[in-house]
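One structure below.
Residue numbers (this note's numbering): 1 to 347.
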């Protein structure tokens, strides 16, 4: 113990202050005594946020203390990197042999405890950001519309885990979390919602118009289904540039009945564009059950002239593995995916 606090309590305080933008090394220096030289060494060795037990005079951190913390971190990282195999619910396929030999749909994924912790941290941040947004919206601090993503984090995280920053993403107005996974900070996302200059659209776009072109995120779009045709255009750009990227065009089950989706799918099939149309089926569109709004609820089969994959959107590993398969198929032409998911707030 140190000054009446356990290590866990000390690290909790560090984590809380770090989330507020205070550098971890500075946080540590306020709890235990760290000289500027030792603080620089902590940063250089990647030990920011790692608790270091002080052994020097008056509880100061010494070089041996830092070396011991580095060794402990290396041992922990090695343990976290051990491979794990996790099974998930089988996927469903449609016309998987449309471009030739049908790929095998995986039923398990290889991961590690460290990777799972990384996914969890990202999805937890998404959830807390959206809950904070909900509180701000209900308090009338957020003007205009506000569409939350809580419940669907497995889709966003799984997609990003399989994608690269070369790949393009364009989505609907439920876009806050993609702005975050594409490189913006929580502060920047909330700043946009609150109309502040720090936001990606300098506070002028609000909830529905996030944007980060430098990381190939082409925003939320306020017109239902309009992003699907933009996705086809982004795929055309990838094919023209021959950069190996694919375009993800995300839409909901309500937008799945929009005519522009079928027009975009048709031109994508004609031109063999590397686009993946992703239906985030959260079951209720604006509020109407999908069975009451769609004559065909197998959204992954809607592209009659392209392969389709349906996957459990509540399982981040299943989504990741499905997107990997879809990306391989997209090298030959468009793909249609359905993410079976659910949102925890109203429209």
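For every residue, glycine included, the Cβ atom is placed at its ideal position computed from N, Cα and C. Predicted model, so just to flag it, every value in this text is computed and none were measured.
By DSSP's assignment, residue 338 forms a beta bridge with 279 and 310. In this structure, 199 is the residue among 199, 131 and 264 with its C-alpha nearest to the C-alpha of residue 183. Residue 231 sits away from residue 155, with the two beta carbons spaced by 8 Å or more. Each residue's CA atom was taken as its position, placing residue 315 and residue 337 some 15 Å apart. Nearest neighbour of residue 244 by Cα position, chosen from 346, 330 and 34, turns out to be 330. In summary, residue 242 is exposed, with fewer than 16 beta-carbon neighbours lying within 10 Å of its beta-carbon over all protein chains present. Burial state of residue 307 is buried, judged by a 10 Å Cβ sphere holding 16 or more other Cβ atoms. The segment 212-226 makes contact with the segment 164-181, as at least three CB pairs between them are under 8 Å. Within the segment 132-175, the complete alpha helix (DSSP H) segments at least 4 residues long are 153-162, listed from N- to C-terminus.
Rounded to whole angstroms, the separation of the alpha carbons of residue 296 and residue 278 is 16 Å. The residue from 248, 148, 77 and 269 with its alpha-carbon nearest to that of residue 98 is 269. For residue 87, the enclosing beta strand (DSSP E) starts and ends at 83-87. About 5 Å separates the beta carbon of residue 107 from that of residue 90, a gap short enough to meet the 8 Å contact definition.
If you compare the alpha carbons of 129, 48 and 281 with that of residue 178, the shortest gap goes to 129.
Within its own chain, the residues whose Cβ lies closer than 8 Å to the Cβ of residue 188, once the five positions on either side in sequence are excluded, are 179, 198, 199 and 200, listed in chain order.
Assignment of residue 250 by DSSP, reduced to helix, strand and coil, places it in the strand class. Going by DSSP, residue 207 is part of no beta strand (DSSP E) at all; its letter is neither H nor E. Looking at the DSSP output, residue 60 bridges to 33. An exposed status is given to residue 286, since fewer than 16 other beta-carbon atoms sit within 10 Å of its beta-carbon. Note: residue 263 is not bridge-paired with any residue in the DSSP secondary-structure output.
Under the DSSP assignment, residue 231 falls in the alpha helix (DSSP H) whose first and last residues are 226-241. Sixteen is the threshold: since fewer than 16 other Cβ atoms of the shown chains lie within 10 Å of the Cβ of residue 64, the residue is exposed.
Residue burial annotation: residue 334 is buried, with at least 16 other C-beta atoms found within 10 angstroms of its C-beta.
Sixteen is the threshold: since fewer than 16 other Cβ atoms of the shown chains lie within 10 Å of the Cβ of residue 59, the residue is exposed. Per DSSP, the continuous alpha helix (DSSP H) segment holding residue 321 begins and ends at 316-330.
Less than 8 Å separates the beta-carbon of residue 193 from that of residue 207. With a cutoff of 8 Å on beta-carbon distance, residue 282 and residue 343 are scored as near each other. The shortest CA-to-CA distance from residue 224 to any of 293, 174 and 126 is the one to 174. Going by C-alpha positions, residue 50 is about 30 Å away from residue 159. Burial of residue 229 is indicated by the presence of at least 16 other C-beta atoms within 10 angstroms of its C-beta. Exclusion of the five residues before and after residue 293 leaves 253, 254, 257 and 285 as the residues of its chain whose Cβ lies within less than 8 Å of its Cβ. Within the same chain, and ignoring the five residues on either side of residue 310 in sequence, the residues whose Cβ sits closer than 7 Å to its Cβ are 91, 92, 300, 338 and 340. With a 10 Å radius around the Cβ and a threshold of 16 neighbouring Cβ atoms, residue 259 comes out exposed.
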